[in-house]
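As they're listed, the protein sequences go chains X and W. Quick note: the first sequence, position 22, residue 56 per my numbering, numbers continuous. Quick note: the second sequence, position 4, residue 1045 per my numbering, numbers continuous. Below is one structure, written out as structure tokens, with a few remarks after it.
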Amino acid sequence: NAGVTQTPKFRVLKTGQSMTLLCAQDMNHEYMYWYRQDPGMGLRLIHYSVGEGTTAKGEVPDGYNVSRLKKQNFLLGLESAAPSQTSVYFCASSYRTGDGTDTQYFGPGTRLTVL
Amino acid sequence: RKEVEQDPGPFNVPEGATVAFNCTYSNSASQSFFWYRQDCRKEPKLLMSVYSSGNEDGRFTAQLNRASQYISLLIRDSKLSDSATYLCVVPQAYGGATNKLIFGTGTLLAVQP
């Protein structure tokens, strides 16, 4: 049981390049999330998914796209990277309680630098 | 007022000390609260949940004051291994089907030998 895994762990991009971050969970969780963490800002929700085939915007969705083609995977795409997207990206997943009690389990993070 | 506010610290305490962190939140309708722990360059991990007035787990006690809209985390007999950033987290209804977690910026604790 690996929990939540993320690939890659580190990446350096040039402005304008594209990339996809992969998140996988083996806990059969319905909900999955993508966050970014920046100094002094706390974690902010980018996009989330409440089930296979569904996605929704979070707090800071601009410049990102997501897909959830399989229940266990949640992909985050950057079509044209910008220096403002330099951050640490965390994926998380949770059980379907929806009443405020569901614990979110986080992946180890991806450190992305955009030059 | 920020949705969730924490003193960033750092709190430098000696081993064995008792230390407390406070967190204030703005949404009076929030029903449940969490403390997550985040080690340097690692992912956040759930430390404690608080659903009513408080919760205790070993050396850790979380308390909730709804009237003043703050939650606190008390750590007794601090260990070197307690050194980390402690994130205050408040869920809020989001999109009807799930809950958005509002994260504080964290309080840094450094336990000194």
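Positions of the beta carbon are idealized from the N, C-alpha and C atoms, including for glycine. Please read all numbers here as calculations on a predicted model, not as lab measurements.
Are any of the Cβ atoms in chain X nearer than 8 Å to that of leucine 1150 of chain W? With 8 Å as the cut-off, leucine 1150 of chain W does not count as an interface residue toward chain X.
Pull up the DSSP beta-bridge partners for tyrosine 1094 of chain W, would you. A quick correction: the sequence has serine, not tyrosine, at residue 1094 of chain W. Per DSSP, none; premise fails for serine 1094 of chain W.
Quick check on the DSSP output: the beta strand (DSSP E) that includes methionine 66 of chain X runs from which residue to which? Looking at the DSSP string, the run of the beta strand (DSSP E) that includes methionine 66 of chain X is 65–72.
Assign glutamine 1153 of chain W to one of three DSSP states: helix, strand, or coil. Three-state DSSP puts glutamine 1153 of chain W in a strand.
Please state if the CB of valine 1131 of chain W and the CB of phenylalanine 1008 of chain W are separated by a distance shorter than 8 Å. For chain W, the structure presents residues 1042 to 1154; residue 1008 of chain W sits outside this window and is missing.
Assign aspartate 152 of chain X to buried or exposed, taking buried as 16 or more other Cβ atoms, counted over all protein chains shown, within 10 Å of its Cβ. Since the first and last residues shown for chain X are 35 and 149, residue 152 of chain X lies out of range.
My output table needs one value for valine 1069 of chain W: the three-state DSSP class, helix, strand or coil. The question names valine, yet the displayed sequence has serine at residue 1069 of chain W. Assignment of serine 1069 of chain W by DSSP, reduced to helix, strand and coil, places it in the coil class.
Can a CB atom of chain X be found closer than 8 Å to the CB of threonine 1126 of chain W? Residue-level contact by beta carbon fails for threonine 1126 of chain W and chain X, as no gap is shorter than 8 Å.
Below 8 Å, can you find three or more Cβ-Cβ pairs linking the stretch 1084–1103 of chain W to the stretch 1112–1122 of chain W? The answer is yes - the stretch 1112–1122 of chain W touches the stretch 1084–1103 of chain W, with three or more Cβ pairs under 8 Å.
Under 8 Å, Cβ to Cβ, is there at least one residue of chain X near threonine 1065 of chain W? For threonine 1065 of chain W, the answer is no, since every Cβ of chain X falls outside 8 Å of its Cβ.
So, under 8 Å CB-CB, tyrosine 82 of chain X and cysteine 125 of chain X are touching, yes? Tell me the CB distance rounded to an integer number of Å. With a Cβ gap of about 10 Å, tyrosine 82 of chain X and cysteine 125 of chain X do not count as contacting.
Within 10 Å of its beta-carbon, does glutamine 1047 of chain W have 16 or more other beta-carbons around it, so buried, or fewer, so exposed? Buried, because 16 or more other Cβ atoms sit within 10 Å of the Cβ of glutamine 1047 of chain W.
Give me whichever residues DSSP pairs with threonine 137 of chain X in a beta bridge. Bridge partners of threonine 137 of chain X: none, in fact.
Chain W within 8 Å of threonine 41 of chain X, Cβ atoms only: No, threonine 41 of chain X lies away from the interface with chain W (no Cβ there is under 8 Å from its Cβ).
Quick one: grab the DSSP three-state call for leucine 110 of chain X. For leucine 110 of chain X, the three-state secondary structure derived from DSSP is strand.
Cα-Cα separation between serine 101 of chain X and serine 121 of chain X, rounded to whole angstroms: Their backbone Cα atoms lie some 20 Å apart in a straight line.
Along the chain, where does the beta strand (DSSP E) that runs through alanine 1108 of chain W open and close? It is not in any beta strand (DSSP E) - alanine 1108 of chain W carries neither H nor E in the DSSP assignment.
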